[in-house]
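The end of the sequence shown is residue 223 by this note's numbering, with every number in the run present. Cβ coordinates follow ideal geometry from the N, Cα and C atoms, glycine included. As the structure is a computational prediction, the values presented were derived from the model and not from experiment. Report on the following structure.
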Amino acid sequence: MPGQTPLPIAFPADPAAGARVSVLHPKPRVLCLDAQGHILDWMSWQDAVCLYVRDAVVWTLGEPCITVHGGHNRASDRQSVIELHPIVAARGHAKPRALNPSPALSNPALFARDAYLCMYCGREVQRAQLTRDHVHPISRGGRDVWENVVTACLACNSRKGGRTPQQAGMPLLAVPFRPSWVEHLILSNRHILADQMSFLRSHLPRRRRPQA
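Take a look at the structure:
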């Protein structure tokens, strides 16, 4: 981010083994796009270095956020330096099936979608006390899909049991939904840089999420 000085942090780098890296965050990830600007996925700074070295970066966005210092040239004794940007577009075009894929359902992704709140009592509890609840119980034919699962605390999950919210008298605070790929990328990375967040927000679905 502008106005901040990169801090030198040691990483076990590959392919640049022994490289010295200066970053603005201890867990940097680069947002990768295709040449047309389609959002693909997060990538490690090591993979991003490979794109730069292969001259596969077409264009970039944002201020440099990672500086990689490599080896020295034997002839000139000059050290190689690569400055990575937070958003990079790689050569080539993504295949249609690779664009906006359906994010995999996992507990961490589910809890992030529901902002770590129980969708029955509305309380924010420790992650160890959160569970995946099936709105329409599996025992009654419910499916393990985004549209049928919500975050629930242990107490509410136990109280609801194998009943529907209506049967248990426990109305949902929000309707479960399947996140878009962009929403998933935001939810899956707790260390998003300002330039990355601004870009991702500009690609969020414009529809409003339904409330229960």
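Taking its Cβ as the centre, do 16 or more other Cβ atoms sit within 10 Å of residue i, making it buried, or is it exposed?
{"i": "residue 171", "result": "buried"}
{"i": "residue 102", "result": "exposed"}
{"i": "residue 42", "result": "buried"}
{"i": "residue 202", "result": "exposed"}
{"i": "residue 100", "result": "buried"}
{"i": "residue 59", "result": "buried"}
{"i": "residue 107", "result": "exposed"}
{"i": "residue 216", "result": "exposed"}
{"i": "residue 207", "result": "buried"}
{"i": "residue 156", "result": "exposed"}
Which first and last residues belong to the alpha helix (DSSP H) in which residue i is found?
{"i": "residue 61", "result": "56-64"}
{"i": "residue 177", "result": "176-179"}
{"i": "residue 157", "result": "That residue, residue 157, is in no alpha helix (DSSP H); it is neither H nor E in DSSP."}
{"i": "residue 198", "result": "192-198"}
{"i": "residue 113", "result": "First-last for residue 113: undefined, no H or E at that position."}
{"i": "residue 150", "result": "Segment: none, residue 150 is in no alpha helix (DSSP H) and carries neither H nor E."}
Since residue i and residue j should fall inside the 8 Å C-beta cutoff, what is the C-beta to C-beta distance between them, to a whole number of angstroms?
{"i": "residue 47", "j": "residue 104", "result": "6 Å"}
{"i": "residue 162", "j": "residue 184", "result": "Rounded, the Cβ-Cβ distance is 10 Å, inconsistent with contact."}
{"i": "residue 139", "j": "residue 199", "result": "Going by Cβ atoms, the distance from residue 139 to residue 199 rounds to 20 Å, so no, they are not a contact pair."}
Between residue i and residue j, what straight-line distance do the alpha-carbon atoms span, to the nearest angstrom?
{"i": "residue 70", "j": "residue 197", "result": "22 Å"}
{"i": "residue 186", "j": "residue 167", "result": "17 Å"}
{"i": "residue 152", "j": "residue 122", "result": "23 Å"}
{"i": "residue 30", "j": "residue 80", "result": "Legend: pLDDT at residue 30 = 49, less than 50; position of this residue unreliable, value from coordinates given subsequently. So the two alpha carbons sit approximately 6 Å from each other."}
{"i": "residue 136", "j": "residue 195", "result": "22 Å"}
{"i": "residue 176", "j": "residue 159", "result": "12 Å"}
{"i": "residue 181", "j": "residue 52", "result": "37 Å"}
{"i": "residue 129", "j": "residue 164", "result": "5 Å"}
{"i": "residue 116", "j": "residue 78", "result": "34 Å"}
{"i": "residue 169", "j": "residue 40", "result": "38 Å"}
{"i": "residue 190", "j": "residue 125", "result": "11 Å"}
{"i": "residue 44", "j": "residue 211", "result": "11 Å"}
{"i": "residue 143", "j": "residue 54", "result": "28 Å"}
Look at the Cβ atom of residue i, then the Cβ atom of residue j, and state whether they are nearer than 7 Å.
{"i": "residue 98", "j": "residue 72", "result": "yes"}
{"i": "residue 192", "j": "residue 111", "result": "yes"}
{"i": "residue 61", "j": "residue 204", "result": "no"}
{"i": "residue 150", "j": "residue 173", "result": "yes"}
{"i": "residue 93", "j": "residue 131", "result": "no"}
Need the endpoints of the beta strand (DSSP E) that residue i sits in, please.
{"i": "residue 40", "result": "40-44"}
{"i": "residue 207", "result": "Counting along the chain, residue 207 falls outside any beta strand (DSSP E), though it belongs to the alpha helix (DSSP H) covering 205-212."}
{"i": "residue 143", "result": "141-145"}
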